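To start, the structure under review is shown below, and the notes come after it.
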Amino acid sequence: MSVLAALPALLTCWPADAQTATAPGSAAERRLGPGGDAPVPAVPEATLPEVVVQARRAEAARQGILARFGAREYQVDRSTIEALPGGANQPLNQILLQTPGVAQDSFGDIHVRGEHRNLQYRINGVQLPEGLQGFGQVFDSRSLRSVSVLTGALPAQFGFRTNAVINLETRTGALDPGGAVGIYGGSFGTIQPFASYAGVVGGWDLFATGTWLRSDRGLENPTSARTVPNNETEQLRGLIYAARQLDPTTRLSVVAGTALNRFQIPAPGGVQSAFTTFGQSEFESANLRSRQWERTWYGTVALQKSINADVDVQIAPFVRYSSIHYVPDLVNELAFNGVASDVLRGSFAGGLQTDAAWRIARAHTLRAGFLVSAERSRFRAQTGLFGVDEDGEALDPPFVLDDRQGRTGYQYGFYVQDEWRVTDSFTVNFGVRADRIEQYTNDGQVSPRVNAVWRPTDATTFHAGYARTFTPAQQELIATPVLERFVGTTNEPFTLESGLPKPERAHRFDVGVTQRITPAWTVGVDAYYKNVRDLLDFGQFGGALIFTPINYRKGHVYGVEFSTTYRTDPVLLYANLALSRSVGKDIRSAQYSFEPEELEYIRGKYVRTDHDQLVTGSAGAVWRAWEGGRLSGSMLYGSGLRRGFANSEKVTPYATFNVGVQQDLVLPDGGTWTLRFDILNLFDREYRLRDGTGIGVGAPQFGARRGFFGGLSRAF
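Next up, the structure:
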């Protein structure tokens, strides 16, 4: 029976603990559902086109290779994405904010379970190298069949980035035939045309999509005003998927995509300039015209093979290029900051991922695989600054210092694990992985993993797990400036101390329970604790809006998540609440970015990390109120990220609400037209995400004010 033999009905947004052992003899006999692995009703494959049968079998085999066992998984499918306010027009981070334990930050950042980044993105099960992350989103929500967030003590299959695995399943021509063209837009000068196609052509299973976005609100405003000057953005995203069955047991698939983004950087008005630049001393801060370009290309090729119905193998080479180029408004930035840096960071990475699942006995499924990748990163900075005299006064005119660096690095990972069904209700997964990096440092670790799942009844599932993890800092973010060059200038560092970032090493523990109260209503609770050495964090230091990794010598991250889902035709309701705490002590890298008093304070005391938020909540509802019509609403709550000296304070709590309505119409041309209208931030709440203070926080940012948006699309 295929794991996808019965696709989820409209409006499925399941929180599911991925704790189900694979059924003996087949990796495709069960699927994830609320509270565990509900059997999937059979659909006779003989009644379906052969290309659909092949696509479903390949999907089932791939899901059997991917070990979710013991992790907490929350999945949002395509129909739910499109039904919520904003629909697939929303960036991916806004969809992820509707899952448990995900807090929002400025510049499009999200924080999962009290951590900064440490996220692993996979496309159809293939891990992509971590690229440079800018303000724009890389992946287009319109291209997704589903998005899953896996957290907890992950099995040995997942390495390097282990705080959360975000698995993106792309749409396909065989399983999601049809296409659409449309346009969406509204407040803040937003306009977003899009087009997609899915079908089978000459034996090829094809899907393609493209979206262009233009808006006057590219970044969060530095003030509470509805709009500010110099905040335009243009973004282009596209993806192509192609697959073909080479023989009854072999399938080839290709995914390629791109994201090209341009941002203007807004600045608040009314700030007094501090430096005389080229003889001029009067400047208007609102006239700053800094910009940032972000470019990303990525691609994977996956070859799947089934052997004797007991072994499934996937071999997948991958490649990714990304770059961020920050171009300052040289004269104006010098006038206000005394320093202006033209910064370019680029990364080109490629490698090979191989995974296999072997059902060696009725009670045992053995999984093993490896990943090897190589990366070439480069860094270029042209920094304009002033010299200073004996009294510390800036000397006009300014001058430029140039810095260029490059590095080639490698990552290697290998894992093996055994999923042992001890009894029909109790399963244990033992595994171990070995990781090594040869990059900015040579290091490695052997990491044991173990997960256990107990299902005392069909409605109740307990899980618990332990994982040792090894997380290196992103090579492309590590620059080693010669600090002595800046002594005697307006860019003189606080200290010449500059420790090299170290890989983070942690012990992770996770325990949870899911209870199906009725067939429609499921609740869950999950608790986690992470004991860390060399806790990785990121901060924005200096004028360029590019993040720098830092290490705390030790840290602790812990919390608890509550979630509930109620689904019965025609209603979907869900709610999530997370309590989290993230603390670190003693900065051990990039010390030159910190003021001496703050650095000394952190050396002797645990402090909250800048992304720590005690309470995070989300909720939503969708109602198919009438034929072809849907009403929806969503909510986000945050108790406030950290601010102030050593992150000793927090910003004001906030709650925002969104609503939307959609109507499908069949017009005389025979096509299905969809009208939608959304109001985001319904009550026009003014709220801060950042106030410009705190560790590694460079500027204030406010959440978006109320916006009215509408769209029209035609399916074909």
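Residues -18 to -1, 1 to 698, numbered by mature numbering (1 follows the signal peptide of the UniProt record, and there is no 0), are exactly what the sequence shown covers, in order.
By construction, the Cβ of each residue, glycine as well, lies at the ideal position given by its N, Cα and C atoms.
From a predicted model like this one, the values you see are computed outputs, not experimental measurements.
The DSSP assignment places 272 to 289 and 293 to 309 as complete runs of the beta strand (DSSP E) inside the region 241 to 323, in order along the chain (cut-off: 3 residues). In chain order, Glu55, Gln57 and Asn149 place their CB closer than 6 Å to the CB of serine 130, counting only its own chain and leaving out the 5 sequence neighbours on each side.
In terms of Cα proximity to arginine 515, the closest of Phe529, Gly586, Asp406 and Thr451 is Thr451. In the three-state DSSP reduction, isoleucine 77 falls in the helix class (H, G or I). The beta carbon of arginine 143 is closer than 7 Å to those of Asn100, Leu101, Gln102, Glu112 and Thr453 in its chain, skipping five residues each way along the sequence.
Nearest neighbour of arginine 437 by Cα position, chosen from His445, Ala256 and Leu201, turns out to be His445. For isoleucine 222, no alpha helix (DSSP H) encloses it; the enclosing beta strand (DSSP E) starts and ends at 215 to 229. With a cut-off of 8 Å on Cβ pairs, the region 37 to 50 is in contact with the region 330 to 349, counting three or more such pairs.
Here the region 526 to 538 makes no contact with the region 552 to 561; the two share fewer than three CB pairs at distances below 8 Å.
In terms of Cβ geometry, alanine 284 and serine 206 do not form a close pair [threshold 7 Å]. In the displayed model, glutamate 112 falls within coil according to three-state DSSP, outside both helix and strand. In the three-state DSSP reduction, glutamate 486 falls in the strand class (E or B).
In this structure, DSSP gives glutamine 364 an extended state, which the three-state scheme calls strand.
The three-state reading of DSSP puts isoleucine 661 in strand, counting E and B together. Assignment of threonine 656 by DSSP, reduced to helix, strand and coil, places it in the strand class. In the three-state reduction of the DSSP assignment, leucine 623 falls in the coil class, being assigned neither a helical nor a strand state. Residue state for glutamate 202 is assigned as coil, using DSSP reduced to three classes. Ranked by how close their Cα comes to the Cα of proline 650, the residues Arg696, Glu41 and Gln227 have Arg696 in first place. Around the beta carbon of arginine 344, fewer than 16 other beta carbons sit within 10 angstroms, so the residue counts as exposed. Around the beta carbon of glutamate 486, a 10 Å sphere encloses 16 or more other beta carbons of the protein chains shown; the residue is thus reported as buried.
Three or more Cβ pairs drawn from the region 608 to 624 and the region 638 to 650 lie within less than 8 Å of each other, which places the two stretches in contact. By the 16-neighbour rule on beta-carbons within 10 angstroms, arginine 467 is exposed. Here phenylalanine 257 is near glycine 320, since their CB atoms are less than 7 Å apart. If you look at isoleucine 148, you'll find it in the beta strand (DSSP E) that goes 146 to 152. The region 591 to 606 and the region 80 to 96 touch, with three or more beta-carbon pairs separated by less than 8 Å. The three-state secondary structure of alanine 603, taken from DSSP, is strand. C-alpha of arginine 667 to C-alpha of proline 204: approximately 15 Å in a straight line. Annotation: the continuous alpha helix (DSSP H) that includes leucine 581 extends over 578 to 586.
Sequence-distant partners of arginine 362 (beyond 5 residues in either direction) whose C-beta falls short of 6 Å from its own C-beta, in its chain, are Leu326 and Arg386. For tyrosine 511, the CB contacts under 7 Å within the same chain, skipping 5 residues up- and downstream, are Phe491 and Tyr540 in chain order.
Taking C-beta atoms under 8 Å as the contact rule, tyrosine 574 and leucine 465 qualify, at a distance of about 6 Å. Using a Cβ distance threshold of 7 Å, leucine 334 and proline 299 count as a contacting pair. Residues of the same chain with a CB within less than 6 Å of the CB of isoleucine 247, apart from the 5 flanking positions on each side, are Ser272 in chain order. Counting the other CB atoms within 10 Å of its CB gives leucine 228 a total below 16, which places it among the exposed residues.
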